[in-house]
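A.B. asks:
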Amino acid sequence: QKHLLGIKNITREDIELIFETARSFKEVINRPIKKVPSLRDITIANVFFENSTRTRLSFELAEKRLSADVVNFSSSTSSVKKGETLLDTVNNILAMKVDMVVMRHSSPGAPHFLAKHINANIVNAGDGTHEHPTQALLDTYSIMEKHGSLEGLKVAIIGDILHSRVAISNIFALQKLGAEVMVCGPNTLLPKFIGALGVKMELDVRKALRWCDVANVLRIQLERQQIKYFPSLREYSLYYGINKKMLDELDKEITIMHPGPINRGVELNSDVADSEHSIILEQVQNGVAVRMAVLYLLAGGKD
Ligand code: CP
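Following my numbering, the numbering of the sequence shown begins with 5 at its first residue and continues without gaps.
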């Protein structure tokens, strides 16, 4: 079975094939008739053990645009609440003749564990603080669309790097596509291992903004913090919150990205999030085409 568990173990060629396929699907979903019959005989379960707005809806739309049959599972309203295990839950879903599983889970490695034990294609829709591969694919696809190429482009990932699967997957994808990567945030949210990934590390957000062509801004993940809360949201917004004045002080235009959900007034002010610099809603739009491409290729569309 083929899976998409992370960006770490896929190649630049894999990413380029996903982008090429996504470009075709983007044309499809911009047409009045947005559906293609590509996955007509495939049934996909979206199995979410953590909250989601964008990823869950984007996968569901991608699946429906490909004419797949879709079932949605949310752990909060399921028999997980009665003590059923992850493996039993997924095996019961698969017994209903499901071919692919899109899974979000709070435990790093949960989709890798499933991939070893079940007979279905698995797509990781975010596993704890580990990876969020389709987010990195849609982010890098969106940068490619805006800037033409990632080769030599300077991308700063700013915010809570310590708890961010988006940061990890983005670092792998950006580097494979030839971008230079910087991570920026307070010392407490910059894990030591991140330096070993070959990225620049910066504590001063103004320096990061002066350095980069693209700033991918992340929220503080209070729900994952072990030391509650350091820095506090107020401290974070004071020292790291990005506002229009900071962009106006730069001698160049930079692209602003955010995977969502935004904590407005904390990591990003509305005068930046909603400005002409922002491609945040383009990221969301591209997410559907990129996920269509991933599902199509995993289902055997191409090797
Ligand atoms: N970007 C992202 O993963 O958003 P959701 O948590 O809403 O899916």
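All C-beta atoms in this analysis are idealised placements derived from N, C-alpha and C, irrespective of residue type, glycine included.
All values reported here derive from a predicted model rather than from experimental measurement.
Would you mind working out which of 87, 26, 79 sits nearest residue 69, comparing C-alpha positions?
C.D. replies: Start at 1 with the first residue of the sequence shown, and residue 69 comes out as number 65. Cα-wise, what sits closest to residue 69 is 26.
A.B. asks: Scan the stretch 164 to 224 and note each continuous beta strand (DSSP E) run of 3 residues or more that stays entirely inside, going in chain order.
C.D. replies: Runs found: 184 to 188, 204 to 206, 218 to 221.
A.B. asks: For residue 79, I'd like the list of residues in its chain whose CB is within less than 6 angstroms of its CB, leaving aside the five on either flank, ordered along the chain.
C.D. replies: The residue labelled residue 79 in the question sits at position 75 within the sequence shown. Result list for residue 79: 53, in chain order.
A.B. asks: Mind listing, in chain order, the residues whose beta carbon lies closer than 7 angstroms to a non-hydrogen atom of the ligand CP?
C.D. replies: Answer in sequence order: 55, 56, 57, 58, 59, 60, 130, 136, 139, 170, 263, 264, 265.
A.B. asks: Does the contact criterion of 3 or more C-beta pairs under 8 angstroms hold for the stretch 153 to 166 versus the stretch 194 to 210?
C.D. replies: Contact between the stretch 153 to 166 and the stretch 194 to 210 is present, because at least three Cβ pairs lie under 8 angstroms.
A.B. asks: According to the neighbour-count rule (16 or more other Cβ atoms, all chains shown, within 10 Å of its Cβ), is residue 234 buried or exposed?
C.D. replies: As a working note, residue 234 is residue 230 in the sequence shown. It counts as exposed.
A.B. asks: Distance, Cα to Cα, residue 64 vs residue 76?
C.D. replies: For this step, residue 64 is matched to residue 60 along the sequence shown. For this step, residue 76 is matched to residue 72 along the sequence shown. Each residue's Cα considered, the two are about 8 angstroms apart.
A.B. asks: On the CB-based measure, 16 or more other CB atoms within 10 Å of its CB, does residue 138 come out buried or exposed?
C.D. replies: Translated into the one-based positions of the sequence shown, residue 138 becomes position 134. Label assigned to residue 138: buried.
A.B. asks: Alpha carbon to alpha carbon, how far is residue 211 from residue 249? Give it in angstroms, no decimals.
C.D. replies: As a first step, residue 249 is located in the sequence shown; it is residue number 245 there, counting from the start. As a first step, residue 211 is located in the sequence shown; it is residue number 207 there, counting from the start. Computed Cα separation, rounded: 14 angstroms.
A.B. asks: Check residue 111 in the structure and name its three-state DSSP category.
C.D. replies: Residue mapping note: residue 111 aligns to position 107 of the sequence shown, counting from 1. In the structure shown, residue 111 sits in coil (DSSP, three-state: anything other than H, G, I, E or B).
A.B. asks: Are the stretch 86 to 104 and the stretch 8 to 24 in contact at 8 angstroms, needing three or more beta carbon pairs?
C.D. replies: No: fewer than three Cβ pairs fall under 8 angstroms.
A.B. asks: Provide the residue(s) that pair with residue 106 in DSSP beta bridges, ordered along the chain.
C.D. replies: As a first step, residue 106 must be located in the sequence shown, where it is residue number 102. DSSP, once it has assigned bridges, lists 50, 127 as partnering residue 106.
A.B. asks: Alpha carbon to alpha carbon, how far is residue 72 from residue 279? Give it in angstroms, no decimals.
C.D. replies: Along the sequence shown, one-based indexing puts residue 279 at 275. Along the sequence shown, one-based indexing puts residue 72 at 68. Their backbone Cα atoms lie some 36 angstroms apart in a straight line.
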